[in-house]
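Structure first, commentary second.
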Amino acid sequence: MLVVDYYAPWCAVCKTAYPAMCRIADDKELKKHYVFAKASLEHSEVKDWVKAEGIRGIPHLSLYDSTGVKLMGMGASFKKVEPIKFNLRAIVQHKDAVKQQQRLLDLDPNSFVLIPGVPVAAST
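First residue of the sequence shown? That's 854 in my numbering, and the numbers climb one at a time after it.
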């Protein structure tokens, strides 16, 4: 699966979030299941893709499965390191339920992923 961090070099929040995003990408357990990439809005192709995806703010993390289907998208601030790591681990742990979903996963108000068929207590 692919995790893309959409950012812009001029974005102050992106700069602040950068160390946190690096910690996520450096997590040894997550590296076993995910490829991490950064995509700058300075490139017109990326900017067009972000518009098509309906992403309204940066930094933003999107998760795509091996076929390119978007599974999850969320704002990516330094404050969200734990929810992001949790979500990525939960998706791996419940990959069969996620596969059956066939659409974007929902997030609760605290940015934790809600996986269909998995009790909330098991996913949080």
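In this text, a Cβ means the ideal position worked out from N, Cα and C, and glycines have one as well.
Residue environment, residue i, which counts as buried when at least 16 other CB atoms sit within 10 Å
i    : result
A975 : Because the pLDDT of A975 is 46, which lies under 50, any placement of that residue in the model is unreliable, and the number read from its coordinates should be weighed accordingly. It is exposed - the Cβ of A975 has fewer than 16 other Cβ atoms within 10 Å.
H896 : exposed
DSSP bridge partner residues for residue i (one or two, in chain order)
i    : result
A890 : V857
D949 : None, per the DSSP bridge assignment.
Beta-carbon proximity check, residue i vs residue j, cutoff 7 angstroms
i    : j    : result
V951 : I944 : yes
A878 : A929 : no
C875 : I911 : no
D918 : K891 : no
L914 : L924 : no
Selection from the options that minimises the alpha carbon distance to residue i
i    : options                   : result
L855 : Q946, F889, P912 and A861 : F889
R942 : A861, G910 and K885       : K885
P872 : K948, K932 and D959       : K932
K881 : D949, K948, V922 and K938 : K938
Ignoring anything shorter than 3 residues or poking outside the segment 859-943, list the beta strand (DSSP E) runs there in chain order. Segments of the beta strand (DSSP E) lying fully in the segment 859-943: 888-893, 913-917 and 923-928.
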